[in-house]
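Q:
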Amino acid sequence: MPGRAINGRSRQLILNAIDYFTREKENSGPLVIVNEVHQRVAEAQQVSLRTVSRICGERQKGLPVETPGQKRNKPKKKSEDLPDGIKTSVRNTIYDMKQNGKHVTIKTINEELKRKEVVHISNASLGRLLKTIGFKYKTENSRRYLCELSHVVYQRVNFLKQYYNNLTSENPLQCVYLDETWIYSKGSFKRTWQDNSIKSCRKGYEGTGKRFIVLHAGTKHGFVENASLVFSSTSKSGDYHDSMKREMFEKWMTEKLLPNLEEPSLIIMDNAPYHSALAEKLPTTSWTKSQMQEWLQQKNIQFDNNCLRVELLEICKKHRPNERRYVVDEMINANGHQVFRLPPYHCQYYPSFENME
1 MPGRAINGRS RQLILNAIDY FTREKENSGP LVIVNEVHQR VAEAQQVSLR TVSRICGERQ
61 KGLPVETPGQ KRNKPKKKSE DLPDGIKTSV RNTIYDMKQN GKHVTIKTIN EELKRKEVVH
121 ISNASLGRLL KTIGFKYKTE NSRRYLCELS HVVYQRVNFL KQYYNNLTSE NPLQCVYLDE
181 TWIYSKGSFK RTWQDNSIKS CRKGYEGTGK RFIVLHAGTK HGFVENASLV FSSTSKSGDY
241 HDSMKREMFE KWMTEKLLPN LEEPSLIIMD NAPYHSALAE KLPTTSWTKS QMQEWLQQKN
301 IQFDNNCLRV ELLEICKKHR PNERRYVVDE MINANGHQVF RLPPYHCQYY PSFENME
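Quick note: the sequence shown, position 197, residue 197 per UniProt numbering, numbers continuous.
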């Protein structure tokens with residue numbers, strides 16, 4: 001075959017054949033009788049008769065001629081070589097199962113695919129297919145779902161628009177971020193360098209000491225001077241938020257943060273309960289009839305004293321303001337500042353004080 005390079009092993013086989021036929025020429029006849037084809041090939045190529053017989057047997061079975069023991073690109077499995085339309089149907093089936101609150105496993109997915117007659121494959125093949133289309137089997141995380149609820153999306157879009165408008169305005173307000181965290185008096189580390197020896201392990205349980213709650217605020221220039229609050233936690237709960245109370249937070253706001261802001265600022269905070277005390281309690285389904293009547297009277301809204309509780313609730317709903325007013329927000333606005341609240345479940349928009357320390 002002209003133009004094709006011959007590798008070293010093939011060249012050696014050619015030389016072996018030349019040497020063998022040269023010896024036959026010198027012998028003026030075959031060295032091995034012509035009927036013994038395999039034996040003649042073995043002698044000519046200087047390999048064993050068994051090797052020649054094995055190679056001939058592989059050819060009779062229709063196997064490709066290739067070097068054994070080498071890694072080769074395997075043909076795609078059936079599950080990985082399915083049409084894009086079927087892959088899309090598999091993906092949509094999983095989305096539908098999630099939407100309907102079904103538990104999603106290989107087994108339940110396959111049962112649903114067979115019921116819908118999307119594709120008929122084994123569980124093992126389905127597992128490979130799911131990996132090829134981007135799915136992973138991992139711990140449930142409902143936060144991603146909560147972030148895409150319509151009312152949360154609306155709040156996110158509104159927050160980002162307001163934030164962008166402030167940044168691009170002629171006189172942007174400086175952003176002040178506030179948050180709480182905790183620290184133990186003896187420190188605490190979740191990971192350390194270890195090997196398989198017990199010498200690298202902690203010697204039993206070592207107390208981490210008293211837990212302290214830290215409340216602070218900062219800007220792009222650093223922490224607000226004289227605005228820190230550190231106190232020891234008395235809560236036995238694992239959640240440090242249980243140690244922070246509304247009264248303590250509002251006192252810190254009026255005595256620590258607001259007096260130390262030297263210019264009009266945009267204060268950004270999350271919606272923790274102690275950040276969100278209502279300036280005015282609004283009627284809810286848990287209110288009694290007398291509470292609703294008192295609220296309507298304060299608003300100078302006419303109602304019939306003979307109204308049932310459910311009727312009073314409907315009247316309250318019609319006159320209840322759409323936007324909630326928070327104690328902290330009014331406190332901040334009264335001091336010449338503005339407030340932005342993070343949308344729920346979007347702590348990623350917050351600078352992490354742990355990274356700033």
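Yeah, the Cβ is synthetic: ideal placement off N, Cα and C, and Gly gets one too.
Return helix, strand or coil for S10, following the three-state DSSP convention.
A: On the sequence shown, residue 10 is found 10 positions in, with the first residue counted as 1. Reduced to three states, the DSSP call for S10 is helix.
Q: Comparing alpha-carbon positions, which option in E323, S150, H120 and Q174 lies nearest G336?
A: Taking the first residue of the sequence shown as 1, we reach residue 336 at position 336. Among E323, S150, H120 and Q174, the Cα nearest to that of G336 belongs to Q174.
Q: Quick one: Cα of Y240 to Cα of F231, how far?
A: Residue 240 sits at position 240 when you count from the first residue of the sequence shown. Residue 231 sits at position 231 when you count from the first residue of the sequence shown. Caution is warranted here: a pLDDT of 46 is assigned to Y240, below 50, making its placement in the model unreliable, and the coordinate value is therefore given only provisionally. Spanning the two alpha carbons is a distance of roughly 12 Å.
Q: Between which two residues does the alpha helix (DSSP H) holding Q99 run?
A: Here residue 99 is taken as the residue at index 99 of the sequence shown, counted from 1. Here the alpha helix (DSSP H) through Q99 covers D84 to Q99.
Q: Would you report the Cα separation of G218 and T285, rounded to the nearest angstrom?
A: Taking the sequence shown and counting its residues from 1, the one referred to as residue 218 is at position 218. Taking the sequence shown and counting its residues from 1, the one referred to as residue 285 is at position 285. Distance between the alpha carbons of G218 and T285 is about 40 Å.
Q: I'd like the list of long-range same chain contacts for K116, defined as Cβ closer than 7 Å, with 5 residues on each side in sequence excluded.
A: Start at 1 with the first residue of the sequence shown, and residue 116 comes out as number 116. For K116, where only same-chain residues beyond five positions count, the Cβ hits under 7 Å are T93.
Q: Is the beta carbon of M248 closer than 8 Å to that of E180?
A: Position 180 of the sequence shown, counting from 1, holds the residue named residue 180. Position 248 of the sequence shown, counting from 1, holds the residue named residue 248. No, Cβ-Cβ distance for E180 and M248 is not below 8 Å.
Q: Is R144 helix, strand or coil by DSSP?
A: Numbered from 1 along the sequence shown, position 144 holds the residue referred to as residue 144. Three-state DSSP puts R144 in a helix.
Q: Tell me, to the nearest whole angstrom, how far the beta carbon of M269 is from that of P283; I am working on the premise that it is less than 8 Å.
A: Taking the first residue of the sequence shown as position 1, residue 269 is located at position 269. Taking the first residue of the sequence shown as position 1, residue 283 is located at position 283. No, M269 and P283 are not in contact; Cβ-Cβ is about 26 Å, not under 8 Å.
Q: Need the endpoints of the alpha helix (DSSP H) that M292 sits in, please.
A: If you number the sequence shown from 1, residue 292 lands on position 292. It spans K289 to Q298 - the alpha helix (DSSP H) in which M292 sits, taken as one unbroken run.
Q: Mind checking L258: buried by the 16 CB within 10 Å criterion, or exposed?
A: Here the question's residue 258 lines up with position 258 in the sequence shown. Its Cβ being crowded by 16 or more others within 10 Å, L258 is buried.
Q: Just to confirm my understanding: we take P351, look at its own chain, exclude 5 residues before and 5 after, and list those with CB closer than 6 Å. What are they?
A: On the sequence shown, residue 351 is found 351 positions in, with the first residue counted as 1. Contacts found: Y177.
Q: Looking at T108 and residue 395, is the spacing between their C-beta atoms short of 8 Å?
A: Residue 395 lies beyond the range of the chain shown here (1 to 357); nothing can be said about it.
Q: Looking at the structure shown, is A5 part of a helix, part of a strand, or coil, going by DSSP?
A: Reading the sequence shown from its first residue, position 5 is the one you call residue 5. It is coil, neither helix nor strand.
Q: Compute the Euclidean distance between the alpha carbons of M1 and Q12, then round it to the nearest angstrom.
A: Taking the sequence shown and counting its residues from 1, one reaches residue 1 at position 1. Taking the sequence shown and counting its residues from 1, one reaches residue 12 at position 12. Any reading at M1 is ruled out, since the residue's pLDDT is 49, under 50, leaving its predicted position unreliable.
Q: What's the C-alpha gap between Y163 and Y137?
A: For this step, residue 163 is matched to residue 163 along the sequence shown. For this step, residue 137 is matched to residue 137 along the sequence shown. Using only the alpha carbons, I get a separation of about 37 Å.
Q: Any idea which residues DSSP pairs W182 with across the strands?
A: Indexing the sequence shown from 1 puts residue 182 at position 182. According to DSSP, W182 bridges with I213.
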